[in-house]
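Engineer: For the sequence shown, the working numbering gives the first residue as 17, with consecutive numbering after it.
Each residue gets a CB set at the ideal place from its N, CA and C atoms; glycine is no exception.
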Amino acid sequence: MLAAMLAATWVAPVAVSGQRAQFAPHAMIASNSTPASEAGVEILKRGGNAVDAAVATGFALAVTLPEAGNLAGGGYMVVHMADGRSAAIDYRETAPRAATRTMYVDASGKNTGESLVGYKAAGVPGSVAGLYEVQRRFGRLPFAQVVAPAIRLAEQGFVVDSMTARVIEKCAPLLSRFQSRDVFLRDGHAPAVGTKLMQPALAKTLRAIAAHGAEAFYHGAIAHALAEDMHANGGIVTEEDLAAYKPAWKTPVVTKFHGYTLLGMPLSSSGGITMSRIFAALDTIPIAPLGSVAQVSALTNAMRDAFEYRNTKLGDTTAVASALRQTREGNETTHYSVVDADGNAVSTTTTINSLFGAGAYTGSVGVFWNNEMDDFAVQPGVPNQFGLVMGEQNSVAPGRRPLSSMSPTIVLDSTGKLLLVVGSRGGPRIITSTTQVILNVIDHHLTLADAMRAPRLHHQALPDTLLYEPQGVTSAVADSLKAKGIATAETPSVGLVDAVLRVSGGYEGMDDPRRQAAAVGY
Ligand code: DON
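1. Can you give the Cα-Cα distance for residue 115 and residue 293, rounded to whole angstroms?
2. Identify every residue that forms a DSSP beta bridge with residue 351.
3. For a test of your reading of the model: does the CB of residue 441 fall under 7 Å from any non-hydrogen atom of the ligand DON? Yes or no.
4. Output the residue ranges of the beta strand (DSSP E) runs that lie fully inside the segment 76-159 and measure 3 residues or longer, sorted by chain position.
5. Can you name, in chain order, every residue of its own chain whose Cβ lies under 7 Å from the Cβ of residue 163, other than the five neighbours on each side?
6. Compute every distance between the C-beta of residue 485 and the non-hydrogen atoms of the ligand GDP, then say whether any falls below 7 Å.
7. Between which two residues does the alpha helix (DSSP H) harbouring residue 356 extend?
8. Since residue 43 is in the beta strand (DSSP E), which residue starts that stretch and which ends it?
9. At the level of alpha carbons, what is the spacing between residue 207 and residue 522?
10. Verify whether the separation of the beta carbon atoms of residue 87 and residue 141 is less than 8 Å.
11. Taking 7 Å as the cut-off, is the CB of residue 446 close to at least one heavy atom of the ligand DON?
12. Give me the Cα-Cα distance between residue 353 and residue 125, rounded to the nearest whole angstrom.
13. Any heavy atom of the ligand DON closer than 7 Å to the beta-carbon of residue 291?
14. Using the C-alpha atoms, what's the distance from residue 526 back to residue 511?
15. Looking only at its chain, what residues have a beta carbon closer than 7 Å to the beta carbon of residue 359, apart from the 5 residues adjacent to it on each side?
16. Is residue 348 a contact residue of the ligand DON, with contact defined as CB to any heavy atom under 7 Å?
17. Just the C-alpha distance for residue 245 and residue 139, rounded to the nearest angstrom, thanks.
18. Leaving out five residues on either side along the sequence, give the residues of the same chain with a beta carbon under 8 Å from the beta carbon of residue 143.
19. Suppose you measure from the CA of residue 473 to the CA of residue 301; what does that come to, to the nearest Å?
20. Given residue 286, which residues of its chain have a CB within under 8 Å of its CB, disregarding the five upstream and five downstream residues?
21. Any heavy atom of the ligand DON within a distance shorter than 7 Å of the CB on residue 109?
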């Protein structure tokens, strides 16, 4: 009786802590899941560096944030080491070899919807390969040690908090269509808040990955099970596709802005380039007060122009050229920010695109398949789930990576010292929410908590309307914007940011107050 009452009234204790930034003197991790941030801190305390901790948090998110954390998804990471080395790794999903430009369009020219739900929506996953590769290059601890907290969380279970229960309940109709129902639903509903959610199949997969590295996921029994389940359910990812997957090391996009240096993500994410264009437009004009007509209209124009460029010019064109050469002979989201006691920093955003990805779930492996293929222009010129209208340069092609908006970013101050590690979730709103938290800190000198709380704006060229969070634009400002030809409309929220900021004596970290997990440090 008491247990039932407690379960019914159990509220995640992090809900209040999410309203303010956490402070710690040495190191800090901000993610969408408190136990996943704790997993990273555990690794830091065992002697790991920021990369070890980020990888530990990444694997833990695959357990504790099932709607977005993942093994069968992909992402991007920017690393800045205290010795000055910087790198970016693209572990985005890739279109399978059997993918075709019109695979999501029926004979009458209509979108079939299969880029969003079900097995055919999945690209070849990159998360395991990416996390393994970055740990191999920059990590300090044995790989198995870094995966251990995630195994424990999958085996022993994690406590279902109100946020997790809410998202499972919301997506119950999707989950009930796939093997995921056996793990995540109880009589068709979310598990009760305060109960433990165990994932034994995922634990077994994580154990294999811990023991044998990425190889265990892309070759052998796991790859075979994934490909078989795909094949049985109309998907096109094969064992050969899995075996061929490679993450790509890249050079970060470097942007100079008001004396600061921003390290951003290059293609196949549009994040770094689009942000760079927004900052370039703002760099040359005076800083106007936050929320003023001058500030809002300058930001709106910068966002609109940058998105126009993004949507019409950017795509994974390099990959396609090489994939085509190969063919002639033979392409929901979560951000986490980590800083360790030496000042090494990791900014990474990873996704399965929609909440619980394609819904498709291979039960024996314990993973949700991404629906990242929907980030392609599956019908060039027709809006995707985020309303993005993109062109031929981002059409579906084998070996190509769908254009992303993920924007993991690291900001250095004018002396080259680490200042801010930041990124977001929310499709195209990732770019604009990340940009505004940076602007709020650099230009408007807000504290981290205020920078995160401040209402955000969003413009993505099409639709040609400035979206604002409640109270983001006063009616007087909206009237003045209208006179300048800028249409406005309210939207519930723009992005979910996770950030770590260097402050006097240590670091502040914060998960977006719109979500409210706790950042964890020591
Ligand atoms: O890569 C992208 O831009 C999208 N797949 C991100 C999706 C996303 O942020 C959904 N999350 N809330």
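Structural biologist: Let me spell this out:
1. Indexing the sequence shown from 1 puts residue 115 at position 99. Indexing the sequence shown from 1 puts residue 293 at position 277. Approximately 32 Å, taken between the alpha carbons.
2. The residue given as residue 351 occupies position 335 in the sequence shown. Paired residues: 365.
3. The residue labelled residue 441 in the question sits at position 425 within the sequence shown. The answer is yes for residue 441.
4. 90-96, 102-107
5. Within the sequence shown, residue 163 is the residue found at index 147, counting from 1. 75, 222, 225, 226.
6. Absent from the structure shown: the ligand GDP. Ligands present: the ligand DON.
7. Indexing the sequence shown from 1 puts residue 356 at position 340. No alpha helix (DSSP H) contains residue 356, which DSSP labels as neither H nor E.
8. On the sequence shown, position 27 is the one that residue 43 refers to. Unbroken run through residue 43: none, as it is neither H nor E.
9. Taking the sequence shown and counting its residues from 1, one reaches residue 207 at position 191. Taking the sequence shown and counting its residues from 1, one reaches residue 522 at position 506. Answer to the nearest angstrom: the Cα atoms are 38 Å apart.
10. Reading the sequence shown from its first residue, position 71 is the one you call residue 87. Reading the sequence shown from its first residue, position 125 is the one you call residue 141. Taking 8 Å as the Cβ cut-off, residue 87 and residue 141 qualify as a contacting pair.
11. Walking along the sequence shown from the start, residue 446 turns up at place 430. Indeed, a heavy atom of the ligand DON lies less than 7 Å from the Cβ.
12. Residue 353 sits at position 337 when you count from the first residue of the sequence shown. Residue 125 sits at position 109 when you count from the first residue of the sequence shown. If you take the alpha carbons of residue 353 and residue 125, they lie about 42 Å apart.
13. By one-based count along the sequence shown, residue 291 stands at place 275. Incorrect: residue 291 has no Cβ contact closer than 7 Å to the ligand DON.
14. Residue numbering aside, residue 511 sits at position 495 when the sequence shown is read from its first letter. Residue numbering aside, residue 526 sits at position 510 when the sequence shown is read from its first letter. Rounded to the nearest angstrom, the two C-alpha atoms are 14 Å apart.
15. Position 343 of the sequence shown, counting from 1, holds the residue named residue 359. Excluding residues within five positions, the ones whose Cβ falls inside 7 Å are 98, 434.
16. As a working note, residue 348 is residue 332 in the sequence shown. True, at least one ligand heavy atom lies under 7 Å from that Cβ.
17. Taking the sequence shown and counting its residues from 1, one reaches residue 245 at position 229. Taking the sequence shown and counting its residues from 1, one reaches residue 139 at position 123. Rounded to whole angstroms, residue 245 to residue 139 spans 14 Å at the Cα level.
18. For this step, residue 143 is matched to residue 127 along the sequence shown. Only 74, 78, 86, 87, 88, 89, 90, 91, 107, 366 meet the Cβ criterion.
19. Stepping through the sequence shown from its first residue, residue 473 is reached at position 457. Stepping through the sequence shown from its first residue, residue 301 is reached at position 285. If I take the Cα positions, the gap works out to 19 Å.
20. Within the sequence shown, numbered from 1, the residue matching residue 286 stands at position 270. Correct list, in chain order: 326, 330, 419, 420, 421, 447.
21. Translated into the one-based positions of the sequence shown, residue 109 becomes position 93. Not under cutoff, so the answer is no.
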